[in-house]
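There are 4 protein chains.
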Amino acid sequence: MNINKDQIAEHNKRLEPVQKRRFEQLAAELSGAERIVQHLVDFQVAIPSWALGTGGTRFGRFSGGGEPRNLQEKIADIGILHALNRSSGAISLHIPWDIPEDYSAIRTLANQHGLAFDAMNSNTFQDQPGQALSYKFGSMQHVDPAVRRQAVDHNIEVIKHGIELGSKSLTVWLADGSSFPGQLNFRRAFQNTLESLQEVYAALPDDWKMFVEYKAFEPNFYSTTVGDWGQSLLYASKLGDNAYTLVDLGHHLPNANIEQIVALLLMEGKLGGFHFNDSKYGDDDLTTGSIKPYQLFLIFNELVEGMDNRSMDHTKDLGWMIDASHNLKDPLEDLLQSVEAILIAYAQALLVDRPALAEAQAENDVVRAQEVLQHAFRTDVRSLVAEARLRAGAALDPIQLFREIDVRGRLIKERGARTVATGL
Amino acid sequence: MNINKDQIAEHNKRLEPVQKRRFEQLAAELSGAERIVQHLVDFQVAIPSWALGTGGTRFGRFSGGGEPRNLQEKIADIGILHALNRSSGAISLHIPWDIPEDYSAIRTLANQHGLAFDAMNSNTFQDQPGQALSYKFGSMQHVDPAVRRQAVDHNIEVIKHGIELGSKSLTVWLADGSSFPGQLNFRRAFQNTLESLQEVYAALPDDWKMFVEYKAFEPNFYSTTVGDWGQSLLYASKLGDNAYTLVDLGHHLPNANIEQIVALLLMEGKLGGFHFNDSKYGDDDLTTGSIKPYQLFLIFNELVEGMDNRSMDHTKDLGWMIDASHNLKDPLEDLLQSVEAILIAYAQALLVDRPALAEAQAENDVVRAQEVLQHAFRTDVRSLVAEARLRAGAALDPIQLFREIDVRGRLIKERGARTVATGL
Amino acid sequence: MNINKDQIAEHNKRLEPVQKRRFEQLAAELSGAERIVQHLVDFQVAIPSWALGTGGTRFGRFSGGGEPRNLQEKIADIGILHALNRSSGAISLHIPWDIPEDYSAIRTLANQHGLAFDAMNSNTFQDQPGQALSYKFGSMQHVDPAVRRQAVDHNIEVIKHGIELGSKSLTVWLADGSSFPGQLNFRRAFQNTLESLQEVYAALPDDWKMFVEYKAFEPNFYSTTVGDWGQSLLYASKLGDNAYTLVDLGHHLPNANIEQIVALLLMEGKLGGFHFNDSKYGDDDLTTGSIKPYQLFLIFNELVEGMDNRSMDHTKDLGWMIDASHNLKDPLEDLLQSVEAILIAYAQALLVDRPALAEAQAENDVVRAQEVLQHAFRTDVRSLVAEARLRAGAALDPIQLFREIDVRGRLIKERGARTVATGL
Amino acid sequence: MNINKDQIAEHNKRLEPVQKRRFEQLAAELSGAERIVQHLVDFQVAIPSWALGTGGTRFGRFSGGGEPRNLQEKIADIGILHALNRSSGAISLHIPWDIPEDYSAIRTLANQHGLAFDAMNSNTFQDQPGQALSYKFGSMQHVDPAVRRQAVDHNIEVIKHGIELGSKSLTVWLADGSSFPGQLNFRRAFQNTLESLQEVYAALPDDWKMFVEYKAFEPNFYSTTVGDWGQSLLYASKLGDNAYTLVDLGHHLPNANIEQIVALLLMEGKLGGFHFNDSKYGDDDLTTGSIKPYQLFLIFNELVEGMDNRSMDHTKDLGWMIDASHNLKDPLEDLLQSVEAILIAYAQALLVDRPALAEAQAENDVVRAQEVLQHAFRTDVRSLVAEARLRAGAALDPIQLFREIDVRGRLIKERGARTVATGL
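Protein chains in written order, with our numbering: chain A, 4 to 427; chain B, 4 to 427; chain C, 4 to 427; chain D, 4 to 427.
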């Protein structure tokens, strides 16, 4: 199924008068509303191919229906999202789950939906049917060079798929680590991993970036070989200029100050991209903004300040992606909520009165610094985000329209109630 | 110094046109704005006497100036707050720091400022000069009955001071616990504490409440004898109908779901009151709402729902108090920020569309339940809070007025730059 | 395959001289070595039927070989463990994974291996094929009474299976909870759960116990409806005398003092049993004693002290079970390591000089209290544990013998390399 | 007071027969007992001058008696420790608390007690009487260059004192950070700090090391400007070859894998030294080994492996120091317990069968790797540690002798019951 322009136009027509009033009222209060709206129009968040199905835990999975059964249907799903919000204009593929049979056809299909190919993702955390060697004890860290070789080759193959599709980056997330003291020699695991990454890096086209993702724990429960931003930065620095750290919000120890990490990585010119989600306990992979929206705002506050300080392009110079697991919600609704939360946080960060904040900081006026930030956060920016959607040709209320035209029901009719998408 | 009505009137006159416009715009969007404003007018948060000076850590204290030197000046400080926001109409005293010399004079003074006497607080976590026995190894848990006796007697004395002033509740926070495995017999520590509390409870007037506060750790670093809500509830249940659990937001282990605790304590009829503050790591005692404003909203969401379910009076049936430590900010400005954050969260909770939420819950419509809550949270309710202030005769922008008339400068002139208030 | 007595005898014959020397040297240092050895001989830890296969995470599972394919083979596996260590004399079944076709045959088989039937476990955290209603949004907490009915009926069915086999307890672990703010009305979820539990409790034979297990998070990531010991105790108290709290070591928030929880539950007469495992981050389900062996000792220290204080029988009055997930290790070797760690901690706890500890506590001699505990912990008690095995007819070094006679290789030969046991 | 050799000799004479038996029995079981004993004899842990008095929390301090009143008495206290255990042969001074009036006399005094001068410590986390500018908002990070200048000058002064005394390193611990979002520009705070450190580094003698200590939080509760090992390593790498990271065990977020950090810092050649203590919740500064002795062992396991891999000298190439706070215990007894725990962990690490561990790792034999480590940890090595003391001329049981000759009583008699040492 597709969402057509008439459906959106009709939906917007109904909601536009209220939106117009709210936007005008807010724009009159703010300076720079137009600038913010334009930033919001430009901002695009990639959707990972594996987030379109129902997620699960080790205890089980409660599938919904109408999940995409192949890459074409995944693209179609993201096409629906992008039609609804015009902010989801990219797909991030996972190999081997998404190996295209016909690159050209896939490129054309994505193009029809207005979608670009974001970072390619490799998988060395599972054993695939017919795989020669097991990743049970790691991949790039493995004590056996043959396993490392297999992992390197797989990543190089992923790059090749990406080249065909027009992707420009490779995200390497390694589950490598250990679950018990003594299992690993930490130093050797690091060095094996570094050497493996170097081989992959050497195969990277010049205009590509490599993102080294870190994670504190899970699926290993004692150590992770790319365990925190310090380790990721060590790898990225040793690899070279095109290697960067990737931050996933859920991959930290309790109480970590993620916004400070972001600021320092930007300072070092080594922040590569973001995986958005939210969490209360561990890597819970919940809807972005559903648990700690103020933290999300504080992170965007650092991103905007740091990118502007380095004259970076907000839309192109960092990789923005959602990475969540939809165990209970309809995956597409969940993604719509996540994108909305991201745009709200971004809009709030754009609202921050930077000269006033700088002045408060210069005077150690902590009270005022907080007032400046909270003024932006407490402002109801939803009419700015909606205005951006309106101008971009998206729906004023994507979830409402999603339900009105019964997208899920139609997907189930098309695909069946018992489909299960690849993913976690 | 005092804030007089003319100062407030003049301040409001300047800001009122903008406020009027904002409030009217918002009221037109909402149903029930007037009801919410009235709730906000009625809501009062007690200020603890020990939060008026600069706080410190074990590493030091960086005092500001003009801190109150005695109980009269503490009352004056809260009088300033209450004049500015009309939401700080109560003082919570700490004995022995605030023993009045002349009850009648103190009552009259508080009355002049429109302040009631909230919960009395005892102190068995420090040794006072001349104290016969030390609390180094606990107070009500102590292996020596004479120490327990001393702690009980002190609490009974605190009740007596409270009776003279018109207070109606006693908050017992015990630092009792242990810093090393083996130090305590947990069972005996519990039983000693229970017996001591029972003696204090027996001395409680019939119309008083006893609040049993819990805390996970600090100043003891291995165990705390009233360490979590489960333990506090055990004590409160064994003590009797007038004993309740008191929740301090900073007194939990990492990632605790405080809003669920609140809901269950309300369900059991055993929630007594609240100590507001905010924290990122431990009992950081930061400005309320400065770190996790969404959590604060979720807590108020449970409070409003739970109190309404039990037909409780929002303003009278629970004890509301700020308990924070102002290490870096001007204490009075910090308290103004905290009260503002509390009122915002309360207003947002009042805004929640309860029938819609109940319906979403009944249908397991998780997406919509989130939309309902986040709609309330994302609404900019500041004009409601300001409207409540305007109607109550408070300042539209308390911090701005505080600075305009240079309250701190004048307090320093009156009291000196080197005063140090009692407190933490 | 079976381990026969000759294999054990031959193994022991080789190791016995060294063991004899070590035991005699240690026994000469201690008072009461014989008493401790007898306690160790008597102590039995139940093995859950689902811990015999390779465990996994949501990211995947790396199966080993020779996993048991049915209940008979699970019993055989535990029979091997029990033959090797004589401390694993019970099996804990999980329904529907282990529904017996022929009770009598299963009872006979278990009896041949010297195994009793420990607590029965129900499963309302997964949907079974053909199940009428889904547990996606909870079971006993569910807003729909029909789902609650189904969950209650399932538990009653589990009791019936248990009666046929001679079990005397039911463990109820509920995954019920929520992953997003607003999803649940906490109070109603509690009350629904309580009512459901009451119906199950009503169906419990008089000589049975019900264990109410709590867990902080996972698979739900915002709230859990039996989330901590306080909640479990509330349920157990409202249910009645035969309802108890069950403590699983991995089910707590970071830094929780589990030993204090154990002591207080014993004080209240409401500790029912234990699930042993170890963890660094969350419910990591690692080998018991592999991460925090001192914590394990401190827990046993409270157990021994508290049980003795209530004149409880160490072996019968609490339920002892391992509950772990063997993602990387051979499950049987992992279980042997876990049982060994439990016996070591138990032996150390039995070694604690209780009068000396009590005296140190009575004098607030924190240094000495620590010395007393650490003396026990630092003592190398392995020769006591080995002696107990020797006397019970088990192997002096179970893992060594397991490998010498290539148990796993023979299981693979019998059962195949690609079997996958039911479990997590 | 001093401990004289006769007192030790007499004490040892009594305990020696038992010790001799235990040591011989253990030595017969082990290979390399003599090598381990020699390592233990050589190993020295520095004692910080501020750990000799009673510590406190922000809630208060419960002083003991007989605390050292000046640098001479602090040296005397450490002299007592060193006489008792011959493993505490260095003192670490804190400026301005320990500014010597007469360098030569202090050097002579230390020499008499066999004490070297370990790392010098600066203090920019407190304001000293008469200090021109305040560190309330940081020192080296401060927005005001004059404050940074003051902090740099202070550190350079500290180096000068150290040169006079024969110290060879400077430890910089900065409390710099922020307690509220918005307070700091993280990037500028980092850069200011780096520039300040560079100025201090430039003043460092060629044969000195600079240790950059990190800490996750406290006394700032939102961000710390040297907040984790990644940040410390960034500073140290930018500073130069003589700058190193210093690890304090209590300065991490919950659940951090400290042993992996240690291994990686050693790999990078950037581990400088250690502050030993223990903790359950935050920077609790408890007796080393009192909460997580297995973690301490695992850290030493990495230290020994990593140092040997780099052919480092265990005793000279890293800085070993205790950094704890003695709130409840006699500070000297607490330090004796800490040193004992360190030596035990070190001995256990020396016991690890490295070839067997390497082999298990090479085969991904996780079970055996754990067995190898736990064999070392479960071995009762106390007789090795005691043997080292015996050979070095120390007391076989330092705490027992400390009590037998009533050291504390005599110190109180000499110094009074109400002395308060400088410190935290």
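Ideal placement from N, C-alpha and C gives every residue a C-beta, glycine not left out.
Quantities reported herein were computed from a predicted structural model and do not represent experimental measurements.
Neighbouring residues, chain D, relative to residue i (Cβ below 9 Å)
| i | result |
| --- | --- |
| serine 125/B | By Cβ distance, chain D contributes nothing, its closest Cβ being about 14 Å from serine 125/B, past 9 Å. |
Neighbourhood of residue i by C-beta, 8 Å cutoff - its chain only, sequence neighbours within 5 removed
| i | result |
| --- | --- |
| tryptophan 323/B | Phe46, Gln47, Val48, Ala49, Gly276, Phe277, Phe279 and Ile345 |
| methionine 4/A | Ala79, Ile83, Val410, Arg413, Leu414 and Glu417 |
| leucine 236/C | Thr248, Leu268, Glu271 and Lys273 |
Inter-residue Cα distance where the pair is residue i and residue j
| i | j | result |
| --- | --- | --- |
| isoleucine 166/A | proline 71/A | 24 Å |
| leucine 301/D | alanine 93/C | 34 Å |
| methionine 310/A | asparagine 158/A | 29 Å |
| alanine 420/A | glycine 67/A | 7 Å |
| glutamine 364/D | proline 148/A | 14 Å |
| arginine 110/B | glycine 117/B | 10 Å |
| leucine 55/B | valine 250/B | 21 Å |
| arginine 17/C | arginine 17/D | 39 Å |
| glycine 69/A | isoleucine 408/A | 15 Å |
| glutamate 27/B | threonine 318/A | 37 Å |
Residue i burial status per 10 Å Cβ neighbour count (16 or more: buried)
| i | result |
| --- | --- |
| lysine 218/A | buried |
| arginine 81/D | Reading off the sequence, residue 81/D comes out as isoleucine, not arginine. With 16 or more Cβ atoms within 10 Å of its Cβ, isoleucine 81/D is classed as buried. |
| alanine 135/C | exposed |
| glycine 284/B | The sequence given here has tyrosine at residue 284/B, not glycine. Flag for tyrosine 284/B reads buried. |
| proline 334/A | buried |
| serine 226/D | buried |
| serine 34/C | exposed |
| threonine 291/B | buried |
7 Å Cβ shell around residue i - same chain, five flanking residues per side excluded
| i | result |
| --- | --- |
| valine 355/D | Asn304, Val375, Leu376 and Ala379 |
| glutamine 201/D | Leu242 |
| valine 384/B | Ile347, Ala350, Gln351 and Leu354 |
Close Cβ partners of residue i (< 6 Å) along its chain, the five nearest in sequence each way excluded
| i | result |
| --- | --- |
| glutamine 22/D | Ala389 and Leu399 |
Backbone secondary structure at residue i - three-state DSSP
| i | result |
| --- | --- |
| asparagine 309/C | Just to set this straight, residue 309/C is glycine in the shown sequence, not asparagine. Helix, per DSSP. |
| asparagine 124/B | strand |
| histidine 164/A | helix |
| glycine 412/B | helix |
8 Å Cβ cut-off: residues of chain A touching residue i
| i | result |
| --- | --- |
| proline 257/C | Pro257 |
Cross-chain neighbours of residue i in chain D, by beta carbon under 7 Å
| i | result |
| --- | --- |
| threonine 228/B | Per Cβ cutoff of 7 Å: no residues; threonine 228/B is ~15 Å from chain D at best. |
Residue i: contacting residues in chain B (beta-carbon distance under 7 Å)
| i | result |
| --- | --- |
| isoleucine 325/A | Those do not exist, as isoleucine 325/A stays about 15 Å from chain B at its closest Cβ, beyond 7 Å. |
| tyrosine 284/A | Asn258 |
Near the ligand FAD: residue i beta-carbon under 7 Å from a heavy atom
| i | result |
| --- | --- |
| alanine 348/D | The ligand FAD is absent from the structure shown, which contains no ligand whatsoever. |
9 Å Cβ cut-off: residues of chain C touching residue i
| i | result |
| --- | --- |
| proline 296/D | Pro296, Tyr297, Gln377, Phe380 and Arg381 |
Contact set between residue i and chain A, taken where Cβ atoms lie within less than 9 Å
| i | result |
| --- | --- |
| proline 222/C | Gly59, Thr60, Arg61, Phe62, Gly63 and Asn330 |
Contact set between residue i and chain C, taken where Cβ atoms lie within less than 8 Å
| i | result |
| --- | --- |
| phenylalanine 128/A | Phe62 and Gly63 |
Within chain A, the residues that residue i reaches when beta carbons sit closer than 7 Å
| i | result |
| --- | --- |
| serine 293/B | Gln373 |
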